[in-house]
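Note sheet for the following structure.
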Amino acid sequence: MTATPSLVLRGGESVLRFAGGPVTLHRPDKEHHIPLAAISFVHAEGRSVAIVLTASGANEPTIYRVAGVSEAGALAFADAVTAALPEVPAPDGAELVTTSTPGAPGPRRARWKPVAVAVVAVLVALDVFIALNGPRGEYAVVFWMAAAFAATGVLLVRSAGREAYRQWRLPRHGITVVGEFSHYTNDRKVYRYTDATGAGHTYTATSGPDAIELAYDPRAPERAIQPDTPYGRVMGGLVTLLGCVMAAGSVAAAGALVLAAARG
Numbered sequence: 015m016t017a018t019p020s021l022v023l024r025g026g027e028s029v030l031r032f033a034g035g036p037v038t039l040h041r042p043d044k045e046h047h048i049p050l051a052a053i054s055f056v057h058a059e060g061r062s063v064a065i066v067l068t069a070s071g072a073n074e075p076t077i078y079r080v081a082g083v084s085e086a087g088a089l090a091f092a093d094a095v096t097a098a099l100p101e102v103p104a105p106d107g108a109e110l111v112t113t114s115t116p117g118a119p120g121p122r123r124a125r126w127k128p129v130a131v132a133v134v135a136v137l138v139a140l141d142v143f144i145a146l147n148g149p150r151g152e153y154a155v156v157f158w159m160a161a162a163f164a165a166t167g168v169l170l171v172r173s174a175g176r177e178a179y180r181q182w183r184l185p186r187h188g189i190t191v192v193g194e195f196s197h198y199t200n201d202r203k204v205y206r207y208t209d210a211t212g213a214g215h216t217y218t219a220t221s222g223p224d225a226i227e228l229a230y231d232p233r234a235p236e237r238a239i240q241p242d243t244p245y246g247r248v249m250g251g252l253v254t255l256l257g258c259v260m261a262a263g264s265v266a267a268a269g270a271l272v273l274a275a276a277r278g
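Quick note on numbering: the sequence shown equals residues 15 to 278 in this note's numbering.
As structure tokens, then:
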């Protein structure tokens with residue numbers, strides 16, 4: 015008797031698991047347990063895999079699709095699940111699927127804290143070195159000003175740069191759908207949209223018409239953006255560029271102060 019392999023297939027924030035029993039589909043907000051009897055077939059195509067449930071009559075079958083997976087992994091997963099399917103499946107697979115909400119994750123360990131402590135320690139050491147050896151005493155104060163400007167530049171690049179990248183990438187390489195206005199929450203408009211797998215998601219905005227275009231990454235469909243205007247994209251790029259200039263210039267200035275102190 016051949017043992018059934020334990021397979022894990024990851025695509026974005028979605029994880030498919032199969033170890034011979036029910037197929038488990040884990041997503042950030044939900045976890046689906048899909049019995050084998052509920053599955054009509056599994057289809058792997060490129061870097062995506064679709065689990066199609068059985069359906070009775072003229073009902074449309076429910077499909078669970080995960081994109082951005084390994085192509086070889088998708089084929090192996092589809093073959094393994096297909097080989098384990100029962101000869102007589104259930105007539106309506108959707109009724110057999112159970113869905114649960116994962117518990118709130120515990121507090122993540124702040125991995126950045128040791129790095130932050132180390133950076134501050136290095137900055138303090140350099141500042142003391144400049145104060146003791148620099149040609150002018152105020153160089154030590156200027157050093158901290160340069161460090162503050164560098165930190166501000168890094169924050170600008172991190173926030174504006176990430177958003178600028180999403181605004182460039184998702185409208186071109188993601189999936190664009192229409193979000194329909196649903197209701198208000200704390201004076202913000204809530205829109206509902208459906209991804210390619212049929213799952214529903216929400217998007218909030220301060221204002222907008224009753225229907226807006228939204229673009230999302232198929233690997234993380236719950237994170238959508240509203241495509242910006244050309245002016246907005248240009249401004250996002252300029253803010254990112256400003257952050258780069260601030261960070262690079264401040265680091266160069268701090269380095270010059272350290273070099274001046276080293277020369278005495």
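A virtual CB, placed ideally from N, CA and C, is assigned to each residue, including glycine.
The structure presented is a predicted model; accordingly, all values stated were derived computationally and were not measured.
Do you know whose CA, among Ile-48, Pro-49, Gly-34 and Leu-30, lies nearest His-40's CA?
What you label residue 40 is simply residue 26 of the sequence shown in a count that begins at 1. Selected option, being the one with the closest Cα: Leu-30.
Roughly how many angstroms lie between the CA atoms of Asn-147 and Ala-267, to the nearest whole one?
Mapped onto the sequence shown, residue 147 falls at position 133. Mapped onto the sequence shown, residue 267 falls at position 253. Whole-angstrom Cα-Cα distance: 17 Å.
Alpha carbon to alpha carbon, how far is His-187 from Thr-216?
Position 173 of the sequence shown, counted from the first residue, corresponds to residue 187. Position 202 of the sequence shown, counted from the first residue, corresponds to residue 216. Going by the C-alpha atoms only, they are around 21 Å apart.
Alpha helix (DSSP H) segment containing Ala-210, residue limits:
Numbered from its first residue, the sequence shown carries residue 210 at position 196. Here Ala-210 belongs to no alpha helix (DSSP H), and DSSP marks it neither H nor E.
Helix, strand or coil for Asp-93? Go by DSSP, reduced to three states.
In the sequence shown, the residue the question calls residue 93 occupies position 79. Reduced to three states, the DSSP call for Asp-93 is helix.
Beta-carbon spacing of Pro-232, Ala-81 below 7 Å
The residue you call residue 232 lines up with position 218 of the sequence shown. The residue you call residue 81 lines up with position 67 of the sequence shown. Yes. Within cutoff.
Spell out the partners DSSP gives Ala-64 in its beta bridges.
Along the sequence shown, one-based indexing puts residue 64 at 50. Answer is His-57 and Arg-79, bridged to Ala-64.
In the DSSP assignment, find the unbroken alpha helix (DSSP H) run with Ser-264 in it and report its ends.
The count along the sequence shown starts at 1 and reaches residue 264 at position 250. Ser-264 -> alpha helix (DSSP H) spans 244-277.
Return the residue from the list Thr-76, Pro-42, Gly-35 and Gly-60 that minimises the CA-CA distance to Ala-210.
Along the sequence shown, read from residue 1 onward, the residue named residue 210 stands at position 196. Comparing Cα-Cα distances from Ala-210 to each of Thr-76, Pro-42, Gly-35 and Gly-60, the minimum goes to Thr-76.
Quick check on Tyr-78: buried or exposed, where buried means 16 or more other Cβ atoms within 10 Å of its Cβ?
Taking the first residue of the sequence shown as position 1, residue 78 is located at position 64. Under this definition Tyr-78 is a buried residue.
Taking the alpha carbon of Arg-61 as the point to measure from, which residue in Ala-90, Asp-43, Gly-35 and Gly-34 has its own alpha carbon closest?
Position 47 of the sequence shown, counted from the start, is the residue given in the question as residue 61. Answer by Cα proximity: Ala-90.
Since Met-228 sits in a beta bridge, which residues does DSSP pair it with?
For the purposes of this step, residue 228 is identified with residue 214 of the sequence shown, where counting begins at 1. According to the sequence shown, residue 228 is Leu rather than Met. BP columns for Leu-228 point to Val-191.
Which of the three DSSP states, helix, strand or coil, is assigned to Lys-127?
To locate residue 127, count along the sequence shown from 1; it is residue 113. Here Lys-127 sits in helix by DSSP.
Looking only at its chain, what residues have a beta carbon closer than 7 Å to the beta carbon of Ala-185, apart from the 5 residues adjacent to it on each side?
The residue labelled residue 185 in the question sits at position 171 within the sequence shown. Reading off the sequence shown, one finds Pro at residue 185, where the question assumed Ala. Answer for Pro-185: Ala-229 and Pro-241, listed in chain order.
Return the CA-CA distance between Val-142 and Phe-157, expressed in angstroms with no decimal places.
Counted from its first residue, the sequence shown places residue 142 at position 128. Counted from its first residue, the sequence shown places residue 157 at position 143. Roughly 10 Å separates the two Cα atoms.
What is the residue span of the beta strand (DSSP E) that Val-37 lies within?
For the purposes of this step, residue 37 is taken as the residue at position 23 of the sequence shown. It spans 37-40 - the beta strand (DSSP E) in which Val-37 sits, taken as one unbroken run.
Go ahead and pull the three-state DSSP assignment for Gly-120.
Here residue 120 is taken as the residue at index 106 of the sequence shown, counted from 1. Unreliable placement is indicated for Gly-120, whose pLDDT of 48 sits below 50; the coordinate value is still reported in the next sentence. Three-state DSSP puts Gly-120 in coil, outside helix and strand.
Quick one: grab the DSSP three-state call for Arg-233.
As a first step, residue 233 is located in the sequence shown; it is residue number 219 there, counting from the start. DSSP places Arg-233 in coil when its eight states are reduced to three.
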